[in-house]
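Note that the sequence shown covers residues 0 to 282 in numbering that gives the first Met the number 0.
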Amino acid sequence: MIKVDLHSHSTISDGLMTPSALVSHAAAQGVQVLALTDHDAVSGIDEARAAALEHNITLIAGTEISVTWRNRTLHILGLRIDPEHPVLLQGLTRVRDSRAGRAQSIANELDKIGIQNSLEGARQHASEGIIGRTHFARFLIANGHAKDMKTVFKRYLVKGKPGYVPHLWASLEEALSWILAAGGSPVIAHPGRYDLGRTLINELLSEFKQLGGVGLEVVSGSHHPDQYGQYAELARQYGLLASRGSDYHGPGHSYMSMKSLPDLPSQCQPVWHDWEEVLARAA
Ligand code: AMP
Ligand code: MN
Ligand code: MN
Ligand code: MN
Numbered sequence: 000m001i002k003v004d005l006h007s008h009s010t011i012s013d014g015l016m017t018p019s020a021l022v023s024h025a026a027a028q029g030v031q032v033l034a035l036t037d038h039d040a041v042s043g044i045d046e047a048r049a050a051a052l053e054h055n056i057t058l059i060a061g062t063e064i065s066v067t068w069r070n071r072t073l074h075i076l077g078l079r080i081d082p083e084h085p086v087l088l089q090g091l092t093r094v095r096d097s098r099a100g101r102a103q104s105i106a107n108e109l110d111k112i113g114i115q116n117s118l119e120g121a122r123q124h125a126s127e128g129i130i131g132r133t134h135f136a137r138f139l140i141a142n143g144h145a146k147d148m149k150t151v152f153k154r155y156l157v158k159g160k161p162g163y164v165p166h167l168w169a170s171l172e173e174a175l176s177w178i179l180a181a182g183g184s185p186v187i188a189h190p191g192r193y194d195l196g197r198t199l200i201n202e203l204l205s206e207f208k209q210l211g212g213v214g215l216e217v218v219s220g221s222h223h224p225d226q227y228g229q230y231a232e233l234a235r236q237y238g239l240l241a242s243r244g245s246d247y248h249g250p251g252h253s254y255m256s257m258k259s260l261p262d263l264p265s266q267c268q269p270v271w272h273d274w275e276e277v278l279a280r281a282a
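Pasting the structure below:
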């Protein structure tokens, strides 16, 4: 089966590799089709595309939009988007801009427990406009507050912990409308991470489908292998296509390497089933 990885991050958001280094890494890992899906950003696409040409990789332009749905944060991938579409760019700019105030609030909370200058610290781990919890996590680890990513999130950065602040992201409807305006396919990222019960996941999938949603990430670097079958079945039930993505952020961050990510279960209809540039490669 052709090696397709439709979820990855570069230094444009919270990955550790520049877009070109990421593409070259993907090639070395045997990936043939790669989507760059930085959080709320598309500014790495040009560089990634140029590198893809050199490494014989088919690059899919993408993004991962932060969404608030029923008081929870969800991530919606926009795959095969036009990265220059003004509606999408305007939406992403709004979401990115809102990250600055949130980062200040996170720093204020960390101040209260005696961790000072975390905003400056986090900024040193962030390259461009995007600042998020991962950059705070890297600062906290570098300063000896936790030993690794898993521990630092659990101790400081998730709901109920001292450095967590609630935030209002885009609505599900907005995220889908931006992706669809830009000609892309909306895909729910790592559904297994949201801890939604049966009722809520069903409500999410029907709402998503109704708004024009197209796919569900079935195989994800942050899914347990038991979950592949479960989400493959839900995709089938809701008439959604299946996606596959490592969610690679760089060495030391990710749960799974691009190389070790399993193929989609055979009963799945892949989201790329009718993408010409992928079919041309598979032929
Ligand atoms: P943000 O969008 O700023 O809330 O940051 C979300 C990012 O934090 C995710 O995309 C992951 O890269 C990272 N993240 C969240 N939870 C964890 C975790 N438990 N371990 C490692 N990274 C995490
Ligand atoms: Mn991330
Ligand atoms: Mn995500
Ligand atoms: Mn991601």
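Yeah, the Cβ is synthetic: ideal placement off N, Cα and C, and Gly gets one too. Computed from a predicted model, the values in this text were never measured in an experiment.
Report whether the distance from the Cβ of residue i to the nearest heavy atom of ligand 2 is below 7 angstroms.
i	result
Asp110	no
Indicate the three-state DSSP secondary structure (helix, strand or coil) for residue i in the structure shown.
i	result
Asp225	helix
Val94	helix
His134	helix
Ala181	coil
Ser12	coil
Ser259	coil
Pro361	Absent from the model: residue 361. The displayed extent of the chain is 0 to 282, so no value can be given.
Ile80	coil
Could you tell me whether any non-hydrogen atom of ligand 4 is closer than 7 angstroms to the CB of residue i?
i	result
His6	yes
Glu216	no
Asp39	no
His74	yes
Asp225	no
Output yes or no for whether 8 angstroms exceeds the beta carbon distance between residue i and residue j.
i	j	result
Met255	Gln28	no
Tyr230	Val217	yes
Val277	Leu240	no
Ala121	Ile130	yes
I need the straight-line Cα distance from residue i to residue j, nearest angstrom please.
i	j	result
Asn116	Leu139	11 angstroms
Cys267	Pro18	29 angstroms
Asn142	Val151	11 angstroms
Gly220	Ala145	23 angstroms
Glu119	Ala99	12 angstroms
Ala169	Gly77	14 angstroms
Met0	Gly251	28 angstroms
Gln226	Leu35	24 angstroms
Gly159	Glu108	12 angstroms
Val3	Asp110	43 angstroms
His38	Ala281	29 angstroms
Does the Cβ of residue i lie closer than 7 angstroms to at least one heavy atom of ligand 3?
i	result
Glu63	yes
Ala136	no
His166	no
Asp246	yes
Ala169	no
Touch test, the segment 183-200 against the segment 74-90, Cβ-Cβ under 8 angstroms, three pairs minimum = yes
Decide yes or no for the touch test of the segment 166-182 against the segment 44-64: beta carbon pairs closer than 8 angstroms, at least 3 of them.
-> yes
Taking three-plus beta-carbon pairs below 8 angstroms as touching, is the segment 97-115 in contact with the segment 190-199?
-> no
Exercise answer, beta-carbon shell around ligand 6 heavy atoms below 6 angstroms | No copy of ligand 6 occurs in the structure displayed; its ligands are ligand 1, ligand 2, ligand 3 and ligand 4 alone.
Should the segment 36-49 be called in touch with the segment 82-97, which here means at least 3 C-beta pairs below 8 angstroms?
-> yes
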